[in-house]
Amino acid sequence: KLQFGSLLPVPAPYPPPPLCRETTGSFLCLSFRRPSRVSPSRHSPVHFLLLLLFKKKKKKIFMTMTGTLVVTATSLVSPTLFLAGFITVFPILYIANAYCRYKRYQAASPWSVNDKVVVITGASSGIGEELAYEFARQGARLILCARRADKLSDVAKVCKEKYGASHVTISKVDVTHETDVNRLIETIDATHDKIDCLVLNAGVSMGEALEDIKDFKVIKDIMDVNFYGSTMFAYHALPLLKRAEKSRIVVVSSLISIIPSVPLRSGYSASKSALKGFFESLQAELIDSNIFISTAFPGIVKTEINDARLGSNPKNLDFSNAMPADECAKIIVDGTIKAHKEIILTSVGKFSRLLEGVFPDLLSYVSHREAKKYIVESKDKDQ
């Protein structure tokens, strides 16, 4: 009796189970094994994954309700079976993902911003500035870092006078200089003894085709600030983060690390994609610790980073329809409190995340076409 159906791509080398009709490079398999004989090794990868999510005492219950129906994505044997399998498997995977997300939230809660020591890099403008205001509004003890001390003073003043922050410290730090980072970490160690939340936001952008760049040092500079600056800061801050209870690392990456097929952004895309990969791996290393890493993927946001783009003659961008930086900051802080693994700020971004692994060529075509709409000819255009 066929008890459950699932649909998955199966490579040709995969050993065909009994009762399979072979096709070119794929096969259609209907398994009628008894529940007691069901083995994860003979099941599709989805079944195997789901079995791992259940405790041993629940595996038997789960296995009694599963059979196997496998059809390759390239096989057109039966579109009806293909659709039926997708409809069957997708809800199960969605529920499994929601369960894992809930378990992470449960482990990271309760957590409130109030009275937490929050360190923000790149806090002198843009998303970093608005993050400072949002954390200040919720009662955080702020340590703001950036290269422009005068701008930091203005941000600190607003945090205190407008948002009622009781404790705001500013520090002139270049995240590419290890001596600056070490000096700040030593100061925090002496004054606070811990870091509850580290927000890695410092970054620069670019707006030029690779072949038009006169000096490849531009790419190195972008990597130094966006990637090495953030990873080095995290490296030195880890001991202080471990002293706090359920601490957070918030990495401000970019939607471009999910949708990399955007013109004039090769170096920037590389740096943000590297951030994503680095901190996903770091989270795996810290899986049993009290540190939770959230990666934010903002799309086009109205900030000063457009004025600071590196390159020989960077093209200007039209930000008339971009997300306001304060709205972006509120979503990131909310995701930080809830310890979301990924903080994707827009519905378009979430849909693109889904398409990335299923229709990469279509996503590349659409993202490239849409990105061109934001490029304007005059660098002096009002924003």
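Numbering-wise (the numbering used here), the sequence shown opens with residue 110 and increments by one.
We put the CB at the ideal spot given by N, CA and C, even for glycine.
Contact under 8 Å by Cβ, residue i with residue j
{"i": "Leu202", "j": "Ile229", "result": "no"}
{"i": "Pro407", "j": "Leu373", "result": "no"}
{"i": "Val284", "j": "Val334", "result": "yes"}
{"i": "Ala241", "j": "Leu251", "result": "yes"}
{"i": "Leu309", "j": "Val359", "result": "yes"}
{"i": "Val371", "j": "Cys306", "result": "no"}
{"i": "Phe401", "j": "Lys355", "result": "yes"}
{"i": "Thr445", "j": "Arg357", "result": "yes"}
{"i": "Leu464", "j": "Leu472", "result": "yes"}
{"i": "Tyr214", "j": "Lys459", "result": "no"}
{"i": "Met332", "j": "Ser390", "result": "no"}
Alpha-carbon to alpha-carbon, residue j and residue i
{"i": "Glu451", "j": "Thr300", "result": "31 Å"}
{"i": "His286", "j": "Thr197", "result": "53 Å"}
{"i": "Glu243", "j": "Ala193", "result": "46 Å"}
{"i": "Lys212", "j": "Asp443", "result": "18 Å"}
{"i": "Arg478", "j": "Ser382", "result": "21 Å"}
{"i": "Cys268", "j": "Ala274", "result": "6 Å"}
{"i": "Val290", "j": "Gly235", "result": "21 Å"}
{"i": "Ile368", "j": "Ala232", "result": "26 Å"}
{"i": "Ser403", "j": "Leu319", "result": "31 Å"}
{"i": "Glu239", "j": "Phe195", "result": "42 Å"}
{"i": "Ser218", "j": "Arg210", "result": "12 Å"}
{"i": "Val222", "j": "Thr189", "result": "51 Å"}
{"i": "Tyr474", "j": "Ser366", "result": "16 Å"}
{"i": "Lys303", "j": "Asp321", "result": "45 Å"}
{"i": "Gly237", "j": "Val282", "result": "14 Å"}
{"i": "Val327", "j": "Tyr377", "result": "10 Å"}
Which of helix, strand or coil DSSP assigns to residue i
{"i": "Val226", "result": "strand"}
{"i": "Ala431", "result": "coil"}
{"i": "Ala255", "result": "strand"}
{"i": "Lys303", "result": "coil"}
{"i": "Thr412", "result": "coil"}
{"i": "Lys269", "result": "helix"}
{"i": "Ile358", "result": "strand"}
{"i": "Ala383", "result": "helix"}
{"i": "Val371", "result": "coil"}
{"i": "Ile400", "result": "strand"}
{"i": "Ile331", "result": "helix"}
{"i": "Val308", "result": "strand"}
{"i": "Ser245", "result": "Checking the sequence, you will find Ala at residue 245 rather than Ser. Ala245: helix per DSSP, three-state reduction."}
Sheet register partners of residue i (DSSP bridge)
{"i": "Leu349", "result": "According to DSSP, Leu349 bridges with nothing at all."}
{"i": "Ser280", "result": "Cys254"}
{"i": "Phe460", "result": "In DSSP, Phe460 forms no bridge with anything."}
{"i": "Phe406", "result": "Ile453"}
Below-8 Å beta-carbon distance, residue i vs any chain C residue
{"i": "Gly386", "result": "The structure shown has no chain C; it contains just one protein chain."}
Do the stretch 348-355 and the stretch 290-308 touch if we need at least three Cβ pairs shorter than 8 Å? yes
Per the contact definition of three or more C-beta pairs closer than 8 Å, is the stretch 264-273 in contact with the stretch 314-324? no
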